[in-house]
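Notes to accompany the following structure.
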Amino acid sequence: MVKNTNGSADRSGPDAGPQILLLNPANTPAQHKAFEPNIYANLGLVTLGTSLQCALRERNVAARVLYYDGALLGDDFIRAYIARNADRLAVIGYSSYTPNYGACVSLARHAKACNPAIVNIIGNDHFSALYREVMRQQQGVFDYGFYGNDVVEGFTHFVLGLLTRELAELTSYAGLVFRDAGAADGVTRCPENPAEFPRLPLPDYSLLDSLVPHANGYHREQQAFYSYMREEGLRTTVIDIARGCIKFTGPRNENGVPLNACDFCGIIPGSKAISSQSAQRAWEIIRNAFEQGYNYLFVTADELPSTFWPLVRDMAGRMPDWYLALRPADRPRMMGYARADAFREGMRDRIDVLMNTLRFDQFFVGLDGFSSVSLRAINKGINRRANDSDDLLRHNLIACQEIAWRGGRLTSGAVITHMGITPEMLETNYRMMERLIRQYSHLFMELDFELLSPIPGSLAFEYLRRPGMARARADALGLNVDDRYLEMMHSKYRDEDLLDPEELTRDFILGCCPDITVELAHEYLRRIRQLMAEEGIAYDCSSVETLA
Numbered sequence: 022m023v024k025n026t027n028g029s030a031d032r033s034g035p036d037a038g039p040q041i042l043l044l045n046p047a048n049t050p051a052q053h054k055a056f057e058p059n060i061y062a063n064l065g066l067v068t069l070g071t072s073l074q075c076a077l078r079e080r081n082v083a084a085r086v087l088y089y090d091g092a093l094l095g096d097d098f099i100r101a102y103i104a105r106n107a108d109r110l111a112v113i114g115y116s117s118y119t120p121n122y123g124a125c126v127s128l129a130r131h132a133k134a135c136n137p138a139i140v141n142i143i144g145n146d147h148f149s150a151l152y153r154e155v156m157r158q159q160q161g162v163f164d165y166g167f168y169g170n171d172v173v174e175g176f177t178h179f180v181l182g183l184l185t186r187e188l189a190e191l192t193s194y195a196g197l198v199f200r201d202a203g204a205a206d207g208v209t210r211c212p213e214n215p216a217e218f219p220r221l222p223l224p225d226y227s228l229l230d231s232l233v234p235h236a237n238g239y240h241r242e243q244q245a246f247y248s249y250m251r252e253e254g255l256r257t258t259v260i261d262i263a264r265g266c267i268k269f270t271g272p273r274n275e276n277g278v279p280l281n282a283c284d285f286c287g288i289i290p291g292s293k294a295i296s297s298q299s300a301q302r303a304w305e306i307i308r309n310a311f312e313q314g315y316n317y318l319f320v321t322a323d324e325l326p327s328t329f330w331p332l333v334r335d336m337a338g339r340m341p342d343w344y345l346a347l348r349p350a351d352r353p354r355m356m357g358y359a360r361a362d363a364f365r366e367g368m369r370d371r372i373d374v375l376m377n378t379l380r381f382d383q384f385f386v387g388l389d390g391f392s393s394v395s396l397r398a399i400n401k402g403i404n405r406r407a408n409d410s411d412d413l414l415r416h417n418l419i420a421c422q423e424i425a426w427r428g429g430r431l432t433s434g435a436v437i438t439h440m441g442i443t444p445e446m447l448e449t450n451y452r453m454m455e456r457l458i459r460q461y462s463h464l465f466m467e468l469d470f471e472l473l474s475p476i477p478g479s480l481a482f483e484y485l486r487r488p489g490m491a492r493a494r495a496d497a498l499g500l501n502v503d504d505r506y507l508e509m510m511h512s513k514y515r516d517e518d519l520l521d522p523e524e525l526t527r528d529f530i531l532g533c534c535p536d537i538t539v540e541l542a543h544e545y546l547r548r549i550r551q552l553m554a555e556e557g558i559a560y561d562c563s564s565v566e567t568l569a
């Protein structure tokens, strides 16, 4: 049990004003899964909290902003805290993604039982993907929601209006979702405001310890998982200098799901597919984190050497005086995302800039597919011509070579199943993965591998609930799906908001991968786990038990 070590945040403290609790619940308890603490702060909640804290000070409103991450500390403490302080809690904001959405609902119901006047507000990926379903199914539980990314200012102004009892027209708050009897489906969603991105406040990481200590807990978990962080004295946090993916451009369906995105991607990108800060602003964000004690920065921007190369190039050309004044060994180091094909010939100067100039030393590279047909089936490739060239393994090998000889590190993800996969495809992909990992085992810091889970927001989830969509996609690929099983899934998932990730994965295999069995898919997870153990590579796979 986590103890409250900050009395000022509890009933006995001197601050008797209202409280706004920003909450990231732990994953909903599931059979055969143990609680594994998160190792990174929830930057979205920290940014919301920072913005709201600034607004409260400017308006001289006496209220406390509190941060709590159940994914690090568990939910028992916060459940008890809500019960003890229900009369002081004015607003609770919930960060929802599919694995923790059930816990969001449970805690929100608990809060309402303790004090019906508490305003429960939900946001993040799961809500953004299913905002209509959530608002319909959870009446009396969640009062409002916020859709998408660019909602910091909307959330701040809305909560400030609640606290001061000076609410404007609900349609004036960017990203707000509310029940509306006059709307066609009973719900109104206000547009986001992408123009806020360069105006966002620099995160105040001290909010991590506003209720109970989190910062040292994240640090402890990071060092336990990554031995090099412990050995090299690295302290890590997450920064946001750009967001989006080239595959978010192009058409979307009415739920905002990009039709060009990888099948497994559950990100709802909002109204702007790609956004980046200026080089000057990016350096300000880096300095802010560095001066708050973080020397190893996780840059969340996707495809840094490709999509965000203009930003990277400008950052290298405009290194600020404070950075240049530091000894090279004392400058912050960074890690970030890249596509495997970003390491090909003609792009290596970009990798040089990232690694040698900007001190990136670890890349997150997706290794999904491993064959042309699998790459197309996951909808991950650049284009059909490139996919059909059988260059995927070569790109993966080149990426490993380029990172290795520069002294860098590699963390990778791999989605093992996809629409229409066959036993032969599973074996081919495994053999290619085995070859790559055995050849470069010294390079891998971690491999995150899973069966495809069709979480809301992804095309894979749409296959389960939209009649004919999976069949049309399978026919285009020359692969097989089970139409009869999918017909049952359409009604099962059409209006549902509470979902079991394990059940989603199983239903996807039975409906979209009828040529394999669930047991065979799990056998390949076990084989990959054994491979990781033999090569001494850390791994993350919640679907298989950890080796003793």
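The sequence shown begins at 22 in the numbering used here and counts up by one.
Glycine included, each C-beta is placed from N, C-alpha and C at the ideal position.
Predicted, not measured: the structure shown is a model, and the values here were computed from it.
Residue of the options minimising C-alpha distance to residue i
{"i": "residue 162", "options": "120, 115 and 251", "result": "115"}
{"i": "residue 357", "options": "473, 333, 299 and 347", "result": "333"}
{"i": "residue 232", "options": "441, 44, 465 and 452", "result": "44"}
{"i": "residue 117", "options": "287, 360 and 135", "result": "287"}
{"i": "residue 367", "options": "316, 423 and 389", "result": "423"}
{"i": "residue 441", "options": "499, 169 and 338", "result": "499"}
{"i": "residue 361", "options": "323, 83, 60 and 101", "result": "323"}
{"i": "residue 316", "options": "240, 385 and 283", "result": "240"}
{"i": "residue 501", "options": "400, 281, 443 and 69", "result": "443"}
{"i": "residue 291", "options": "298, 276 and 344", "result": "276"}
{"i": "residue 326", "options": "354, 144, 359 and 346", "result": "359"}
{"i": "residue 468", "options": "446, 488, 278 and 387", "result": "387"}
{"i": "residue 131", "options": "151, 102 and 157", "result": "102"}
{"i": "residue 516", "options": "485, 533 and 237", "result": "485"}
{"i": "residue 283", "options": "79, 185, 480 and 559", "result": "480"}
Contact set for residue i: own chain, Cβ-Cβ below 7 Å, skip 5 residues either direction
{"i": "residue 206", "result": "153"}
{"i": "residue 199", "result": "165, 191 and 209"}
{"i": "residue 194", "result": "175, 178, 179 and 211"}
{"i": "residue 504", "result": "492"}
{"i": "residue 419", "result": "364 and 365"}
{"i": "residue 408", "result": "Annotation note: pLDDT 45 at residue 408 (below 50); position unreliable, no value reported."}
{"i": "residue 336", "result": "300, 303, 304 and 379"}
{"i": "residue 38", "result": "83, 84 and 85"}
{"i": "residue 294", "result": "265, 269 and 270"}
{"i": "residue 65", "result": "116 and 145"}
{"i": "residue 417", "result": "361, 388 and 457"}
{"i": "residue 47", "result": "56, 91, 92, 95, 96, 121 and 124"}
{"i": "residue 189", "result": "182"}
{"i": "residue 73", "result": "41, 86, 177 and 180"}
Opposing strand residues paired with residue i [DSSP bridges]
{"i": "residue 356", "result": "319 and 383"}
{"i": "residue 141", "result": "113"}
{"i": "residue 436", "result": "471"}
{"i": "residue 210", "result": "198"}
{"i": "residue 441", "result": "In the DSSP output, where bridge partners are listed per residue, residue 441 has none listed."}
{"i": "residue 263", "result": "297"}
{"i": "residue 165", "result": "142"}
{"i": "residue 279", "result": "273"}
{"i": "residue 431", "result": "384 and 465"}
{"i": "residue 258", "result": "318"}
Cβ separation of residue i and residue j, assumed to be a contact under 8 Å, to the nearest whole Å
{"i": "residue 453", "j": "residue 393", "result": "The Cβ separation is near 11 Å, so there is no contact."}
{"i": "residue 71", "j": "residue 222", "result": "5 Å"}
{"i": "residue 313", "j": "residue 60", "result": "Incorrect: roughly 18 Å between the Cβ atoms, too far for contact."}
{"i": "residue 458", "j": "residue 556", "result": "6 Å"}
{"i": "residue 172", "j": "residue 68", "result": "In fact, because the Cβ distance is near 10 Å, the residues do not count as touching under 8 Å."}
{"i": "residue 122", "j": "residue 375", "result": "About 36 Å; that fails the 8 Å criterion."}
{"i": "residue 429", "j": "residue 382", "result": "5 Å"}
{"i": "residue 465", "j": "residue 372", "result": "Rounded, the Cβ-Cβ distance is 18 Å, inconsistent with contact."}
{"i": "residue 151", "j": "residue 477", "result": "5 Å"}
{"i": "residue 510", "j": "residue 532", "result": "5 Å"}
Nonlocal neighbours in the same chain, by C-beta distance under 8 Å from residue i, ignoring five residues either side
{"i": "residue 530", "result": "438, 472, 537, 538, 539 and 542"}
{"i": "residue 562", "result": "469, 470, 471, 546, 549 and 550"}
Own chain, CB closer than 6 Å to residue i, minus 5 neighbours either side, in chain order
{"i": "residue 148", "result": "117, 155 and 166"}
{"i": "residue 169", "result": "149, 196, 213 and 291"}
{"i": "residue 549", "result": "470"}
{"i": "residue 224", "result": "67, 68 and 71"}
{"i": "residue 142", "result": "114 and 165"}
Residue-level contact to chain B via CB, residue i, 7 Å cutoff
{"i": "residue 422", "result": "No chain B appears in this structure, which consists of one protein chain only."}
### Query
In the stretch 29 to 107, which residue ranges form an unbroken alpha helix (DSSP H) of at least 4 residues, counting only runs that do not cross its ends?
The qualifying runs are 64 to 80, 91 to 94 and 97 to 105.
### Query
Whole alpha helix (DSSP H) runs in the stretch 478 to 565 with 4 or more residues, listed along the chain?
480 to 486, 490 to 498, 504 to 514, 522 to 533 and 539 to 556, all fully within the stretch 478 to 565.
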